[in-house]
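Input: a single structure, listed below in structure tokens.
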């Protein structure tokens with residue numbers, strides 16, 4: 002398959018190397034230091050045991066027209082980064098091109114083929130202008146939930162930490178020919194990518210932890226085990242999760258694990274900093290609206306109170322705004 006990976010970060014690099022080594026025709030859509038590094042040395046993947054794999058024959062470009070129509074486009078970037086590339090994506094589309102969305106949180110396409118009174122509703126916290134829906138038509142989308150952990154350790158170099166599951170699913174729950182082909186393609190590359198008949202339920206299961214632990218960790222500068230073992234923060238996380246569960250239930254979602262089991266799973270991860278805390282500490286803009294703001298929005302749509310989620314959302318949005326103002330002031334300061 003001709004596959005374009007949008008971004009060569011922690012997940013995009015990991016997926017792209019494995020697909021390329023399995024024989025797929027992979028193009029990384031990247032820029033800057035990543036572009037230069039991949040063109041010069043290929044894309045390197047370091048496994049947990051220290052072994053290294055290099056996809057030397059992959060293409061890398063920032064010219065979407067040059068890359069041309071693909072069989073599959075993998076959106077391997079954070080939700081708040083997608084709009085920046087959305088206008089270029091149609092240059093990668095042929096008549097049957099599918100798009101696998103690998104963003105955490107509630108996706109922009111959530112209510113497409115959802116059914117019920119909210120069918121076709123726009124998730125404004127994720128797609129405020131409607132640009133994503135216009136540029137990446139939901140009919141092209143295959144939903145995906147990302148479970149592996151990896152990190153970009155240098156331009157063109159990714160270290161895999163753990164995990165290999167990428168469940169996929171059509172938005173209408175069907176076992177179509179294209180989603181089956183994508184599942185098989187991922188399987189050939191060494192991933193576990195079962196076809197699910199309700200991808201939204203799996204999205205909620207991962208989001209259940211992300212929408213709570215990520216912002217709490219960012220505000221408290223605490224690891225997962227710290228949050229889970231300190232009684233006040235553990236109860237806050239549980240309260241947020243109960244509110245999210247109420248919202249999800251009104252949308253027809255059932256969770257296949259209990260709340261306490263989900264918290265226990267996070268506790269077992271240990272002294273791990275969430276991705277949002279890592280972004281805060283690195284001075285990067287954190288991913289907030291897809292993970293937290295979207296659940297606030299769905300709470301309003303379903304007339305479900307979410308007071309704990311609302312409070313944490315307000316605080317972490319203020320933190321992000323303060324950081325952006327500080328970055329702006331630094332940019333305006335004259336060079337010494």
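Numbering (the working numbering), first residue to last: 2 to 337.
Note that beta-carbon positions come from the ideal geometry of N, C-alpha and C, so glycine has one too.
Return the chain-ordered ranges of every beta strand (DSSP E) run that is complete within the stretch 53 to 130 and spans a minimum of 3 residues.
The stretch 53 to 130 contains these whole beta strand (DSSP E) runs: 53 to 56, 60 to 62, 71 to 76, 94 to 102.
Can you find a heavy atom of the ligand FMN that lies under 8 Å from the Cβ of residue 276?
Among the ligands in the structure shown, none appear at all, so the ligand FMN cannot be discussed.
Measure the CB-CB distance between residue 168 and residue 189 and report whether it falls below 9 Å.
Residue numbering aside, residue 168 sits at position 167 when the chain shown is read from its first letter. Residue numbering aside, residue 189 sits at position 188 when the chain shown is read from its first letter. No, they are not a contact pair.
Let me confirm a value: residue 222 is counted as buried when at least 16 other C-beta atoms fall within 10 Å, else exposed. Which label applies?
Residue 222 sits at position 221 when you count from the first residue of the chain shown. Exposed, because fewer than 16 other Cβ atoms sit within 10 Å of the Cβ of residue 222.
Taking DSSP's pairing of strands, which residues face residue 45 in a bridge?
As a working note, residue 45 is residue 44 in the chain shown. BP columns for residue 45 point to 55, 158.
Could you name the residues of the same chain whose beta carbon sits closer than 6 Å to that of residue 25, not counting the 5 residues immediately before and after it, in chain order?
If you number the chain shown from 1, residue 25 lands on position 24. Closer than 6 Å at Cβ, skipping near neighbours: 2, 4.
Between residue 287 and residue 281, what straight-line distance do the alpha-carbon atoms span, to the nearest angstrom?
In the chain shown, counting from the first residue as 1, residue 287 sits at position 286. In the chain shown, counting from the first residue as 1, residue 281 sits at position 280. Each residue's Cα considered, the two are about 6 Å apart.
Would you mind reading off the limits of the beta strand (DSSP E) that contains residue 26?
Working through the chain shown from its first residue, we reach residue 26 at position 25. Counting along the chain, the beta strand (DSSP E) containing residue 26 begins and ends at 26 to 30.
Report, in whole angstroms, the separation of the C-beta atoms of residue 107 and residue 240, which I expect to be a contact under 8 Å.
On the chain shown, residue 107 is found 106 positions in, with the first residue counted as 1. On the chain shown, residue 240 is found 239 positions in, with the first residue counted as 1. Incorrect: roughly 20 Å between the Cβ atoms, too far for contact.
Would you decide whether residue 64 is buried or exposed? Buried here means 16 or more other CB atoms lie within 10 Å of its CB.
Here residue 64 is taken as the residue at index 63 of the chain shown, counted from 1. Residue 64 should be labelled exposed.
Go ahead and pull the three-state DSSP assignment for residue 13.
Looking up residue 13 in the chain shown gives position 12. In this structure, residue 13 counts as helix in the three-state DSSP scheme.
Flag this pair as yes or no: are the beta carbons of residue 272 and residue 198 separated by less than 9 Å?
In the chain shown, residue 272 corresponds to position 271, counting from 1. In the chain shown, residue 198 corresponds to position 197, counting from 1. No, these two residues do not count as a Cβ contact at 9 Å.
With DSSP as the reference, label residue 163 as helix, strand or coil.
Translated into the one-based positions of the chain shown, residue 163 becomes position 162. Strand.
Can you tell me where the beta strand (DSSP E) with residue 4 in it begins and where it stops?
Taking the chain shown and counting its residues from 1, one reaches residue 4 at position 3. Residues 3 to 7.
Short of 7 Å in beta carbon distance, which residues of its chain neighbour residue 303, apart from the five on each side in sequence? Order them along the chain.
Taking the first residue of the chain shown as position 1, residue 303 is located at position 302. Correct list, in chain order: 248, 251, 252.
Report all residues from its chain with a CB closer than 7 Å to the CB of residue 187; omit the five preceding and five following residues, and keep chain order.
Indexing the chain shown from 1 puts residue 187 at position 186. Within the same chain, residue 187 has close Cβ partners 167, 194.
Using 10 angstroms around the beta-carbon of residue 121, count the other beta-carbons present and answer buried if the total reaches 16, otherwise exposed.
Residue mapping note: residue 121 aligns to position 120 of the chain shown, counting from 1. So residue 121 ends up on the exposed side.
Out of 327, 290, 335, 332, point me to the one whose CA is closest to residue 313's CA.
To locate residue 313, count along the chain shown from 1; it is residue 312. For the residues 327, 290, 335, 332, the minimum Cα distance to residue 313 belongs to 290.
So who's on the other strand from residue 144, going by DSSP bridges?
As a first step, residue 144 must be located in the chain shown, where it is residue number 143. According to DSSP, residue 144 bridges with 102, 170.
Is the beta carbon of residue 44 closer than 9 Å to that of residue 11?
Start at 1 with the first residue of the chain shown, and residue 11 comes out as number 10. Start at 1 with the first residue of the chain shown, and residue 44 comes out as number 43. Cβ distance not < 9 Å, so residue 11 and residue 44 don't count as in contact.
Cβ atoms of residue 218 and residue 320: under 9 Å apart, would you say?
Reading the chain shown from its first residue, position 319 is the one you call residue 320. Reading the chain shown from its first residue, position 217 is the one you call residue 218. Not a contact, by the Cβ cut-off of 9 Å.
Could you give the residue range of the alpha helix (DSSP H) that holds residue 350?
With the chain covering 2 to 337 only, the question about residue 350 has no answer from this structure.
Is residue 325 buried or exposed, if buried means 16 or more other CB atoms sit within 10 Å of its CB?
Locating residue 325 in the chain shown gives position 324, counting from the first residue. Counting Cβ neighbours within 10 Å, residue 325 comes out exposed, since fewer than 16 surround it.
On the DSSP letters alone, give me the boundaries of the alpha helix (DSSP H) that residue 250 sits inside.
Here residue 250 corresponds to residue number 249 of the chain shown, with the count starting at 1. That run of the alpha helix (DSSP H) goes 232 to 251.
Suppose the cutoff is 8 Å on Cβ atoms and the five residues either side in sequence are ignored; what does the same chain contact list for residue 181 look like?
As a position in the chain shown, residue 181 is number 180, starting the count at 1. Hits under 8 Å: 196.
Note down the Cα distance separating residue 130 from residue 78, rounded to an integer number of angstroms.
As a working note, residue 130 is residue 129 in the chain shown. As a working note, residue 78 is residue 77 in the chain shown. Taking the straight line from one Cα to the other gives about 19 Å.
Using the Cα positions of residue 1 and residue 16, report the straight-line distance between them to the nearest angstrom.
Nothing can be reported for residue 1, as the shown portion of the chain is limited to 2 through 337.
Are there 16 or more other CB atoms within 10 angstroms of the CB of residue 19, so buried, or fewer, so exposed?
Taking the first residue of the chain shown as position 1, residue 19 is located at position 18. Buried: at least 16 other Cβ atoms inside 10 Å.
Express the C-alpha separation of residue 110 and residue 165 in angstroms, rounding to a whole number.
Here the question's residue 165 lines up with position 164 in the chain shown. Here the question's residue 110 lines up with position 109 in the chain shown. Taking the straight line from one Cα to the other gives about 25 Å.
In the DSSP output, what is residue 196 paired with across the bridge?
Here residue 196 corresponds to residue number 195 of the chain shown, with the count starting at 1. Its beta-bridge partners are 169.
So the candidates are 214, 95, 112, 34; which of them puts its Cα closest to the Cα of residue 278?
Taking the chain shown and counting its residues from 1, one reaches residue 278 at position 277. Answer by Cα proximity: 214.
Can at least three beta-carbon pairs, one atom from the stretch 31 to 46 and one from the stretch 151 to 163, be found at a separation below 8 Å?
The stretch 31 to 46 vs the stretch 151 to 163: in contact.
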